[in-house]
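Here the protein sequences come in this chain order: A, B, C, D, E, F, G and H.
According to the numbering used here, the stretch in the first sequence is residues 1119 to 1388, in order.
According to the numbering used here, the stretch in the second sequence is residues 1119 to 1388, in order.
According to the numbering used here, the stretch in the third sequence is residues 5 to 193, in order.
According to the numbering used here, the stretch in the fourth sequence is residues 5 to 193, in order.
According to the numbering used here, the stretch in the fifth sequence is residues 13 to 111, in order.
According to the numbering used here, the stretch in the sixth sequence is residues 13 to 111, in order.
According to the numbering used here, the stretch in the seventh sequence is residues 8 to 369, in order.
According to the numbering used here, the stretch in the eighth sequence is residues 8 to 369, in order.
Virtual Cβ for every residue (Gly too), placed ideally from N, Cα, C.
Heads up, the thing below is written out as structure tokens.
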Amino acid sequence: MAQHLAQPNPVDAGVSTDGLDCVYMRPSETLTDTPLHYCPGCAHGVVHRILMEVVEELGIQEKTIGVAPVGCSVFAYHYMNIDMQEAAHGRASAVASAIKRILPDRIVFSYQGDGDLAAIGTAETIHTANRGENILVVFINNAIYGMTGGQMAPTTLLGMKTTTSPTGRTVETAGFPLKIADIVATLPGTCYVTRHSVHTPNAVRQLKKAITRSFQYQKEHRGTCFVEVVSNCPSGWKMTPLEANKWLAENMFPLYPPGDLKVPGERSKP
Amino acid sequence: MAQHLAQPNPVDAGVSTDGLDCVYMRPSETLTDTPLHYCPGCAHGVVHRILMEVVEELGIQEKTIGVAPVGCSVFAYHYMNIDMQEAAHGRASAVASAIKRILPDRIVFSYQGDGDLAAIGTAETIHTANRGENILVVFINNAIYGMTGGQMAPTTLLGMKTTTSPTGRTVETAGFPLKIADIVATLPGTCYVTRHSVHTPNAVRQLKKAITRSFQYQKEHRGTCFVEVVSNCPSGWKMTPLEANKWLAENMFPLYPPGDLKVPGERSKP
Amino acid sequence: MKHELLIAGFGGQGVLSMGMTLAYAGMVEGKEISWMPSYGPEMRGGTANCIVIVSDALISSPILTSFDTVIALNQPSLDKFESAVRPGGLLLYESTNVINPPRRTDIQIVPVAAAVEATKLKNQKTMNMIVLGAFLERSHVVGTESVMAALAKVLPERYHHLLPLNETALRRGMEIVTKSEFRYQISDI
Amino acid sequence: MKHELLIAGFGGQGVLSMGMTLAYAGMVEGKEISWMPSYGPEMRGGTANCIVIVSDALISSPILTSFDTVIALNQPSLDKFESAVRPGGLLLYESTNVINPPRRTDIQIVPVAAAVEATKLKNQKTMNMIVLGAFLERSHVVGTESVMAALAKVLPERYHHLLPLNETALRRGMEIVTKSEFRYQISDI
Amino acid sequence: MVRGTVTFNVETCKGCELCIDVCPQESLALSPGINTQGYHYAVLIKDNCTGCTNCALVCPDAVITVYRENTKKKKVPVATITGVTENISVTIDAEREQP
Amino acid sequence: MVRGTVTFNVETCKGCELCIDVCPQESLALSPGINTQGYHYAVLIKDNCTGCTNCALVCPDAVITVYRENTKKKKVPVATITGVTENISVTIDAEREQP
Amino acid sequence: MSDVQLMKGNEALAEAAIRAGCNAYFGYPITPQSEILEYLSDEGRQRGMIVLQAESEVASINMVYGAAGAGARVMTSSSSPGISLMQEGLSYIASAELPCLVVNVNRGGPGLGTIQPSQGDYFQAVKGGGHGDYHLIVLAPASVQEMADFVYDAFDLADRYRTPVMILADGALGQMMEKVRFRDYVPAEHIPPKPWATTGKPKTRERNIITSLHIQPEKMEQINLRLQEKYRDIGKNEVRSQSFQTDDAEYLIVAYGLAARIGQGAVEMARAQGVRAGLLRPITLYPFPSAELRRLAGQVHGMLVVEMNAGQMVEDVRLAVEGRVPVEFYGRMGGIIPSPDEVVRALESIVKRDVAQHAEVY
Amino acid sequence: MSDVQLMKGNEALAEAAIRAGCNAYFGYPITPQSEILEYLSDEGRQRGMIVLQAESEVASINMVYGAAGAGARVMTSSSSPGISLMQEGLSYIASAELPCLVVNVNRGGPGLGTIQPSQGDYFQAVKGGGHGDYHLIVLAPASVQEMADFVYDAFDLADRYRTPVMILADGALGQMMEKVRFRDYVPAEHIPPKPWATTGKPKTRERNIITSLHIQPEKMEQINLRLQEKYRDIGKNEVRSQSFQTDDAEYLIVAYGLAARIGQGAVEMARAQGVRAGLLRPITLYPFPSAELRRLAGQVHGMLVVEMNAGQMVEDVRLAVEGRVPVEFYGRMGGIIPSPDEVVRALESIVKRDVAQHAEVY
Ligand SMILES: Cc1ncc(C[n+]2csc(CCOP(=O)(O)OP(=O)(O)O)c2C)c(N)n1
Ligand SMILES: Cc1ncc(C[n+]2csc(CCOP(=O)(O)OP(=O)(O)O)c2C)c(N)n1
Ligand code: SF4
Ligand code: SF4
Ligand code: SF4
Ligand code: SF4
Ligand code: SF4
Ligand code: SF4
Ligand SMILES: [Mg+2]
Ligand SMILES: [Mg+2]
């Protein structure tokens, strides 16, 4: 945790930090200085930071390769200071599978939105997990297509208004919200499937633990780890960040409750 | 059951049928006279016949539209005397969904192999079921790619030898057999998910009931019905038909046990 | 007559609707018009802009890199588009939150403290109308009546009670800009 | 020299390996050869065929519609390919299970009761070798030694104990065809 | 024992033997000869068929038609009474009644 | 009460107010002014920050650095004994021991 | 003027689809055309259209296949990467001869590229990006008005020839607002009966089969010959192009879609400078107005093809004129729209060279 | 002769891939090329290759993207419908400049079509079936021997230019057995270092990023200009074709792949009949041997393009000769292979017409 003791030069000169230790600062090595392009309050930023904190703290920057498909987080490579590949929409887990098979001793993760992972990428998601690829899949579930301007996603809640469900999602036209993590958890190839959020400090702390665990399991070749982050999309939801996080807790958790869906028993792969 | 009483002209003149009623004959209306091109003992033929028996007995020939994608059963339209569409590999359920939405009062089914439905068609399968499309999906699971010459399918058993798993399927290279019916059963869009076979007369009788039920539910707009038929592929398995059916019961049933995975409680769609 | 203009600012400052109002006004006057918004992910982070062309003749390209007029509603937009004003053109900007004013000497530069005025009108949302008024006063691309007619189209029915307020804002914009002496005369060039 | 031939029958009658043996034999003799199997779903239902070309010159197309020789191992193949034999060409067929023999008068027709002979050899699998022997006797496309050498390549190691049996079958085929008078002489044409 | 029989469309039989395997009466076998498709086809070799339809059900090629004797007896009238001018009463003994 | 403070990289703040919401001390608020990105940015408005890091954890833009006083007291020697030539025994009264 | 409206190209196209009696839309969001799906999800559904947001473009195009096969008037829309995913489906649809409309609001590629306007998908649209010998009828609108008008034409052509029709626009045409007036159109008067559709087999007819599979080469060749025959007919009957100041033109600009508008601007500027320029604008990219270009090749001294790509349609122009006149190319890529004055500069260089040559000659 | 073997084209290609040091194969079964996947699943795995049967062609091509981006020598293979599904991925790979080999064993289309041999995917392969301005280097083998040899060339070209390379064969070349001898090839001597690959970022270098996204049009145009520059280089350096009896030829047959073998047969027959025929066989379909064709256009009286499709390469031939000589086309479709004598008949008709014309002239 070297960087936690490193003394940064405080930006607003006003505050005095004499005799105080720095107990929290952004990861200095793994997170670039590029300002994030996300909308104010967007969860993507938090998850990016946490991921990079873990990479920095585990000292695996040199071994980690990330894959981010198109979606608002397509620019992840601007912010994460590690080798990265941008993937076609929905194919991140296939791309990550291939990278991992070529470089089995590297730590590989994909970072995918719900439109990406649960709609166009459904087949790749299921088969990556079913093959038990030794990677971490980070699943940002904000129940909407953020980047393209707020269309309905497979994860969109019933009754939820989006630009393609202007009167609210109905079962007749669009079917039910897809709980893909629950599906993935049933597959023998996965070793750790868990659902988190970043709307409170404690939630963030939990997520960080989950990601750390996932990388640990990956080192042990336990199979696929799948971390869902129930996220917000203030812009797509047409709410303020505070409203969005409140709405998230009240409306998304009932359907997507935080917690572990699957934890490793004995290694699922001999 | 009109056609059951109709007296056919017996083919081999030798046998006398005087004073006997015809208690079983191939469906005369819905099954064409074209000889099936399937290999000797192939389950496809039985399932074709049963499907058409039900269509004939329910008197829905005029209302029924079938979709068969590429796979050994791509020629289904040579045999089933109903309007049919041939679909691209993996897309049958998407094609069927569209047909049903255009013609909601018709009875629509897709007839798909395991390579088709559980590999390339995974996304379409899951989303068709998740939307609760009012169709019947008939899933012929013979644990192999028959038409292309016996390659491994997602459903191929561990240790099973195929042309692409010459030393037997291993988890390391190919992951686990995919129990897609179990996944589909978890989706709220489905109303009836059941697994059958045609390797014994009783199994055939059961399958016929299941298909009849499925069409009934479709009339009631209950959502997606999914009927898996654990099938054989003597050619792909390199066995005689008798060996194949024996092997099927001994090796496939443990992983794909026959029986209902989901039966309708109260209607899953309001 | 052909006028090519760019309006840029933060999302939420009413950049797009301001442009659309102009376009409608042009339509009301039977002119050829095109309205081209910035679109897609570059809107993340909250900046928006649109290009409006009002012309008597057919319009070839709706997307341009230099303009007769640039209206900048914030510092980043000002920095980004100052150079896009054609020599002799007009650069009109909301000055309240601008720390580094434009430097060019070959164009007409008009600062408008619209935010301040908007506060006086007790409705920050009128800011863009004030700026629009200022622009109309300077350019006469379309008539004020046409703009009011356009507003009636652009504003959803449920906001029509705000039409008078918008007119007031428009006129206020016109007043303050006539008062404001501007730093460089076209003649300077 | 160039010989184009088609072998057709049920899957399992050894159609493909028969062709491959010929091809290898041609290779052994340093000839240009191509072997083209029927492939894909038309194999469902159990018929198979392959086209073998043995030539001194470069081979252009591996797929043809007419042949110097057609070897038919069953009735359907006979019916389907009788017409594909070039005038003056050779039609050789396994006659045991054939109900409707060929009718053409402009080609050489050689029925071979190979199945019967195979039963005598107590191994139905030798049927195709008997037919092959008959063909070699009639056409001399490749030498018997080359064919034996080829067999050693085509047969997987674990079946090499069967080589002698295959040779016997080959020779048996040669004998019976010399005995069998055939219905039409080339001279008839 | 119910009397039945089966007929085969021999030309479409592929000799897969599935019918033979499921016949409880062991009434079926493959013919030594082959059909024009080259298959040894299934034939009835005994007259003990009960018309249970097992064979037809498992046949992949819809080759088999099954017949069975009709076990339901037609009702036979016990009496014919005509020209009735006055009320009469008729009774039938239980034994002779049809089931 | 532990003493802490926070610093902001104001130019990268987007004024989402998430930090403000989670501060147990209500030490934060948005500034009336805006940064060059046009956002009212978060600032420390009280000196009661405990350095709990809540704000930094939820900040989507990694704007915040948190400082806290080091509560671990350094050990102070209770005596210095030098030039010992013979065995001696030293005892320290429990009270004066460090926790 | 009463019913003139100010609309985005994407919205105008969607509105026209509703008015054209389009029964169903299957699509997936992608910039810069998501407004089509969004408009139809609202207006379209309200006005009785089946609008299904599919799980992917692959599913979309196959749903179009199914719906068209069931006799519906049906469409999908996407942008470059999404259209690439539809290539297999398009080949199937063309082969099974199913009428439908596919809209490509072209963005800058290759790869994920940019979402800005581009004409980089010309080859894919015109030569057939899918496998096998097939073609789409390809219409290239140049204004919001045409984004609407061509929808009617597209559906009618699709039905007349039982073939997929593509409207190939670009991001700018999709996103910009212009004036649009909707043509009167009564679907019932245009939509033909579809006796071949799989609507359920009555006793009175043979079963209908929608397929593109023909294992026997002879049969498959027949299918292909029929398709080629159809493409010849289309080439005879449906070529459309627009001329601007070509009568006395010595130099011809050839451009389609948005680039044609730039070209028109350039022609005006060039003429102002005394260069006798003209513009030929292909409206149907397939079938291509080759005859008209051959005719003009006899008249002009040189041609300049202007595209928002690296040079694609220029090949069809060269194929048409077969060396009779020099054919130059000017293009911008990656989402950049050339300005009329760049085009004029490019034109001038041709003029200069041409004059120089003549100098030599005489 | 010792190491001459009798092999199927698909197997020879797969064997060559192993010998070329191909690290990984990702693919999905489809006739007529499944033998590639099958051979590699057995031999390839035994010899240390990563062989993954993907869930689809879409997954396959994106796995190729990932593996190539991670620095591996990697390939996939499929046949027409499967290749259509790869178009988006191919566009990404070309844009991200990732080296890889893609094999298309062409079958008859469009749609599901037939599994018989065809050349119907020429346009898709050469003009870019995917979106945007990109090209694949396309090699067209004509024998089982070349099915093997071109694998080495393909991988080397892919690495040299950081571009996807396609081997475009047909069902017959994949399925037929011929003699083949494997060239000596030491991968280590050919495979260059790949400092751009995402292998994990050491402190000593900036992070590597594999992407095809460039939101700013200016940037995206730069990428495109670089790609076009690369394609020009490839055009300069890598054109390959084969001539047969062209020196004194008066009539030229132009054909590639299997059709070229038929063409060769036809040339011999024609010459036997006294017609001075020759054959030019493009080996690289992209870059296309236009210069050589232009040269021959100065020599011959006419050209006959022979393809197993409705006429695709013929366009590139016409583009090359620009009307200098008449260019006729003869093709068969749906999986039918033309016979040498059909071709000769087609050639004769040209000869007759040509002679007639000359008659007029003198
Ligand atoms: C093949 C293809 N189809 C569609 C798109 C357009 N597109 C880009 S991102 C995206 C989905 C974004 O939603 P999500 O994956 O949930 O990510 P988010 O932006 O919500 O974080 C879509 C549909 C594309 N780029 N490529
Ligand atoms: C896009 C595409 N990929 C691959 C193929 C080749 N193909 C045809 S059928 C088939 C799978 C057959 O297996 P299955 O679906 O299980 O049906 P079965 O033959 O076993 O009944 C494949 C891979 C194809 N036709 N199209
Ligand atoms: S659109 Fe939604 S997901 Fe995308 S950056 Fe904005 S808030 Fe985040
Ligand atoms: S290959 Fe298998 S599935 Fe196909 S017909 Fe033969 S036995 Fe049936
Ligand atoms: S009907 Fe029953 S008893 Fe008769 S042959 Fe068939 S299986 Fe045997
Ligand atoms: S089951 Fe049918 S096909 Fe098989 S042997 Fe019996 S009759 Fe013949
Ligand atoms: S560190 Fe804790 S107390 Fe201090 S400002 Fe942040 S949230 Fe408030
Ligand atoms: S959470 Fe971060 S970005 Fe949001 S207001 Fe606080 S400091 Fe600014
Ligand atoms: Mg999302
Ligand atoms: Mg199967």
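In chain order, the residues with a C-beta atom nearer than 6 angstroms to some heavy atom of ligand 9 are Gly1231(A), Asp1232(A), Gly1233(A), Asn1260(A), Ile1262(A), Tyr1263(A), Gly1264(A), Ala1271(A).
Counted as a single uninterrupted DSSP element, the alpha helix (DSSP H) harbouring His1162(A) occupies residues 1161 to 1176. No heavy atom of ligand 5 is found nearer than 7 angstroms to the CB of Cys29(H). Note: Phe14(D) is bridge-paired with Thr51(D) in the DSSP secondary-structure output. For Ala179(G), the C-beta contacts it makes with chain C under 7 angstroms involve Met40, Pro66, Ile67, in order along the chain.
Phe189(H) carries a coil assignment under DSSP once its states are collapsed to helix, strand and coil.
Closest option to Ile1183(B), judged by alpha-carbon separation, among Tyr1263(B), Ile1253(B), Leu1373(B): Ile1253(B). Residue pairing of Cys1140(A) in beta bridges, as defined by DSSP: Tyr79(F). Here DSSP, grouped into helix, strand and coil, assigns Tyr51(E) to coil. Listed by position along chain A, the residues whose Cβ is nearer than 7 angstroms to that of Pro1306(B) are Phe1294. Taken in chain order, the whole alpha helix (DSSP H) runs of length 4 or more contained in the stretch 308 to 362 of chain H are 320 to 328.
Here Lys1327(A) is exposed. Its C-beta has fewer than 16 other C-beta atoms within 10 Å.
For Ser1191(A), the shortest C-beta to heavy atom distance toward ligand 1 is below 7 angstroms.
In this chain, the alpha helix (DSSP H) harbouring Trp1355(B) covers 1352 to 1355.
Chain-order list of chain F residues neighbouring Gly1231(A): empty, with the shortest C-beta distance near 16 angstroms, by a criterion of under 7 angstroms. In the three-state reduction of the DSSP assignment, Gln1230(A) falls in the strand class, which pools E and B. Under the Cβ distance rule, Thr24(F) does not count among the residues neighbouring chain C, no pair being separated by less than 8 angstroms. Going by DSSP, Phe71(D) is part of the beta strand (DSSP E) stretching over 71 to 76. Look at Thr121(G): its C-beta is not under 8 angstroms from any C-beta on chain A.
Per DSSP, the beta bridge partners of Ala284(H) are Tyr258(H). Contact check for Ser91(G) against His138(H) passes: the beta carbons are separated by less than 8 angstroms. Closer than 8 angstroms to the CB of Gly34(G) there is not a single CB belonging to chain B. The beta-carbon of Ala27(C) is placed less than 8 angstroms from the nearest beta-carbon of chain G. About 18 angstroms separates the Cβ atoms of Gly1293(B) and Thr1281(B), ruling out a contact at the 8 angstroms cut-off. Residues of the stretch 64 to 97 of chain D whose Cβ lies closer than 8 angstroms to any Cβ of chain E, in chain order: Asn78, Gln79, Pro80.
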